[in-house]
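This report concerns only the one structure given below.
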Amino acid sequence: MVTLAFEGGGPERDAIFLCNALAAQGMNVAIVVLRGEGPLRVFVDPAVRIIVVGERRIRYAFPLLHWTLRSLAPKVVLSSGVPSLNLLTLLVVRALPRHARPKLVLRENSVPSMARHDPSRSNRTAYRLLRRLYRFADHIITLTDGARQDLIRLFSVPAAMVSVMRTNAVLPPATIERISRWDGENGREASLIVWVGRLSAEKDPYTLLRAVGMLSPNRPWRLAMIGDGPLRTGLEAFCRSNRIAERVTFTGYVVDPIGWMMRAKVLVLTSLYEGFGNVLIEALACGTSVVCTDCPYGPQEILQGGRYGALTPVGDSAKLAAAIEAALDNLPERKVLMQHGQEHTAGRAAAQFLGIIGDLDLKPASPWPPGDAKTARLYETAIAHPYQTTNRQTHPHKAGADAQQQTAR
């Protein structure tokens, strides 16, 4: 597994849980990470090797990652799903000698059709290049049918190359055990609303703050915003100016938010788009009511059109407020929600992943290097930028030393 760092949200955590579960099933698993630090490192099982490439920035990581993968000689390389990292990993693997080239599986964790809204400039650039280059992977895994159709329709990826993982590695064994020892009610706060995510534009937290401001004046409620990001200062100012600051708590980044899910009366998600929506799974696994915007594509598929939670139009604060009030007033069928959420265990995801990659030899990637002139020029551009290493000294011996590092939790 190639990943950026041991930090971030749901996609970064479930990549680690997937590696742990694969190791538990007898696979020889290593996480190759550009930056070795981060709060999520504590979740890595001792059976999973950690190999630090030693280059913090993606644009300069090509030579060191190339050396590392050639030294390791893995059978399969899985990229954790960040678009810019998918591009880098694809270019590195395709630059390896044919006889030493592993099978390459890319995870698409986002919504390709919404690429122009990605807050990361490097990801927007990567998506423009991946429109022509994605098909040169051996296989691509998405988390939703919608993302799969995006890749087929917009990225010229053959349908046979894209599989949907119906089960995501959201819940590790420790979380399942923790929930199993709990009655579903002890510790719940009847008026607590929880929101989890990065405080950034694509998560649209302002819609939630406007919505709670519309709740009935006599209703007791408290909102916990779990996460951090560039909008935090503005959101705090919004709360003060709208006189709801005393009811809203900004917790900052929380490594494992499952405890908040167990306390909450309702979880709210207000995203403009969601590649999947791990927080929805975590909330459902705790039997917590869910209110979510009907954005592409994860919520619609996880909640099955509203069967397991309320779906409201994106950006509609009034309808969101009405759905929150209904969730606060009604007791959900907790066992039904918990059963649905707990389908997404790391063990099930690992078994499905092994089933997907089991026949990679039957579905070879498109010929490499690209045969048509336009794609060949695009490949040359991708190599030169944003991963150009001109005028930058690289240290193969440093990569060698880092590649030998094996660190347990």
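Count the sequence shown with numbering that gives the first Met the number 0 and you get residues 0 to 408, in order.
Yeah, the Cβ is synthetic: ideal placement off N, Cα and C, and Gly gets one too.
Asked: Separation of C238 from T269, as counted between CA atoms; Found: 17 angstroms
Asked: 8 angstroms contact criterion, which L103 and V81 should meet: CB distance rounded; Found: About 15 angstroms separates the two Cβ atoms, so there is no contact after all.
Asked: Where T461 sits in the DSSP three-state scheme; Found: Because the chain is modelled from 0 through 408, residue 461 falls outside the range shown and cannot be assessed.
Asked: Collapsed DSSP secondary structure at V254 in the structure displayed; Found: coil
Asked: C285 - DSSP class collapsed to helix/strand/coil; Found: coil
Asked: Whole-number beta carbon distance between V28 and V47, since they are thought to touch under 8 angstroms; Found: 5 angstroms
Asked: Buried/exposed call for R134, threshold 16 Cβ in 10 Å; Found: buried
Asked: Beta bridge counterpart(s) of H138 as assigned by DSSP; Found: V104
Asked: Of the listed residues A309, E273, C294, E235, nearest to L266 (C-alpha basis); Found: A309
Asked: Minimum Cβ-Cβ distance from G53 to chain B less than 7 angstroms; Found: Reference to chain B is not applicable here, since this structure consists of a single protein chain.
Asked: Assumed close pair L3, L39 - CB separation to whole angstroms, cut-off 8 angstroms; Found: Going by Cβ atoms, the distance from L3 to L39 rounds to 11 angstroms, so no, they are not a contact pair.
Asked: For D227 and L198, the rounded distance between their alpha carbons; Found: 5 angstroms
Asked: For W194, the first and last residue of its enclosing alpha helix (DSSP H); Found: Here W194 belongs to no alpha helix (DSSP H); instead the beta strand (DSSP E) covers 191-195.
Asked: With 16 other Cβ atoms within 10 Å as the buried cut-off, status of S70; Found: exposed
Asked: Alpha-carbon to alpha-carbon, G314 and E342; Found: 30 angstroms
Asked: Residues near R130 by beta carbon distance below 8 angstroms, same chain, minus five either side; Found: L153, F154, S155
Asked: Continuous beta strand (DSSP E) stretch holding S413: start and end; Found: The displayed coordinates of the chain run from 0 to 408. Any statement about residue 413 would go beyond what the structure contains.
Asked: Which of helix, strand or coil DSSP assigns to G212; Found: coil
Asked: Coil, strand or helix - G276 by DSSP; Found: coil
Asked: Span of the beta strand (DSSP E) around L43; Found: One point to set straight first is that residue 43 is Val, not Leu, in the sequence displayed. No beta strand (DSSP E) holds V43; DSSP gives it neither H nor E.
Asked: Straight-line Cα distance separating P331 from A14; Found: 30 angstroms
Asked: Residues bridged to F249 [DSSP beta-bridge criterion]; Found: M224
Asked: As assigned by DSSP and simplified to three states, the class of A60; Found: coil
Asked: Own chain residues within Cβ distance below 6 angstroms of R180, not counting five before or after; Found: none
Asked: The stretch 108-117 touching the stretch 294-312, judged by at least three CB pairs closer than 8 angstroms; Found: yes
Asked: Beta-carbon spacing of R221, L191 below 7 angstroms; Found: yes
Asked: Unbroken beta strand (DSSP E) run spanning E198, endpoints; Found: The question names Glu, but residue 198 in the sequence shown is Leu. It is not in any beta strand (DSSP E) - L198 carries neither H nor E in the DSSP assignment.
Asked: Beta-carbon proximity of V438 to N277, cut-off 7 angstroms; Found: Here the chain covers residues 0 to 408 and nothing more, so residue 438 does not appear.
Asked: Chain-order list of residues whose beta-carbon lies under 6 angstroms from that of M428 (same chain, five-residue window excluded); Found: The structure shown does not extend to residue 428, since the chain spans only 0 to 408, so no value can be given for it.
Asked: C-alpha gap between K264 and E324, whole angstroms; Found: 11 angstroms
Asked: Distance between beta carbons of L279 and I243, contact taken as under 8 angstroms; Found: That pair is no contact at about 25 angstroms.
Asked: Straight-line Cα distance separating E184 from P45; Found: 34 angstroms
Asked: Span separating the alpha-carbon of Y59 from that of M160; Found: 29 angstroms
Asked: Pair within 7 angstroms by beta-carbon distance, F16 and P171; Found: yes
Asked: Span of the alpha helix (DSSP H) around V169; Found: Premise fails: V169 is in no alpha helix (DSSP H) and is neither H nor E.
Asked: Own chain partners of G145 with C-beta closer than 6 angstroms, once the 5 adjacent residues on each side are dropped; Found: P295, Y296
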